[in-house]
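**Q** Sequential numbering from 102 applies to the sequence shown in the working numbering.
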Amino acid sequence: MANLIGMGGPPMSTADLIQQMAALAWVKDDNKEPYNLVTSARVAYELYQRVSSSSDIDVYQTQCIAAITAYIQKHPKATENELAKVVKKEIDLFRTKVDAL
């Protein structure tokens, strides 16, 4: 029975708890305002996170390409192996930055 109502699993996040409290106020007092406010805030926050993360990824991608381009310009006679090492290093750095978002 506890699993049916979400008990016994991992604890709720703070945002989930606040939303559940607002839902309870709505059910008990027929007061939709707290639930509407909390839900609107969560949606706005999620949208902001997705938009801002996308911008960060674009910046990281541009930095990666610029670093590779700069290496090629400074080392026009680099071997394929040297170039491959630099490209791998820059892509790994890009991946690390994106994973940190």
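Note that beta-carbon positions come from the ideal geometry of N, C-alpha and C, so glycine has one too.
1) Do Q120 and R143 come within 8 Å of each other at the CB atom, strictly closer than that value?
2) Would you tell me roughly how many angstroms separate the C-alpha atoms of R196 and D159, rounded to the nearest one?
3) Tell me which same chain residues have a C-beta within less than 6 Å of the C-beta of V187, skipping the five on either side of it?
4) Could you tell me how far apart the beta carbons of E191 and I169 are, in whole angstroms, since I believe they sit closer than 8 Å?
5) With respect to the alpha helix (DSSP H) encompassing L148, which residues constitute its N-terminal and C-terminal limits?
6) Can the beta-carbon of L202 be found closer than 8 Å to that of D130?
7) Can you name, in chain order, every residue of its own chain whose Cβ lies under 6 Å from the Cβ of V128, other than the five neighbours on each side?
8) Determine the burial state of A116: buried for a count of at least 16 other Cβ atoms within 10 Å of its Cβ, exposed for fewer.
9) With L118 as the anchor, note down where its alpha helix (DSSP H) starts and where it stops.
**A** This is what the structure gives:
1) Locating residue 143 in the sequence shown gives position 42, where the first residue counts as 1. Locating residue 120 in the sequence shown gives position 19, where the first residue counts as 1. For R143 and Q120, yes; Cβs fall inside 8 Å.
2) Locating residue 196 in the sequence shown gives position 95, counting from the first residue. Locating residue 159 in the sequence shown gives position 58, counting from the first residue. Those two C-alpha atoms are separated by around 12 Å.
3) Your numbering for residue 187 matches position 86 in the sequence shown. Closer than 6 Å at Cβ, skipping near neighbours: Y172.
4) For this step, residue 191 is matched to residue 90 along the sequence shown. For this step, residue 169 is matched to residue 68 along the sequence shown. Beta-carbon to beta-carbon, E191 and I169 are separated by about 5 Å, close enough to satisfy the 8 Å threshold.
5) Numbered from 1 along the sequence shown, position 47 holds the residue referred to as residue 148. Run containing L148: E134 to K175, per the alpha helix (DSSP H) assignment.
6) For the purposes of this step, residue 202 is taken as the residue at position 101 of the sequence shown. For the purposes of this step, residue 130 is taken as the residue at position 29 of the sequence shown. Going by C-beta atoms, L202 is not nearer than 8 Å to D130.
7) For the purposes of this step, residue 128 is identified with residue 27 of the sequence shown, where counting begins at 1. Excluding residues within five positions, none has a Cβ falling inside 6 Å.
8) In the sequence shown, counting from the first residue as 1, residue 116 sits at position 15. Its Cβ having fewer than 16 others within 10 Å, A116 is exposed.
9) Counted from its first residue, the sequence shown places residue 118 at position 17. T115 to D130 is the span of the alpha helix (DSSP H), which, as asked, contains L118.
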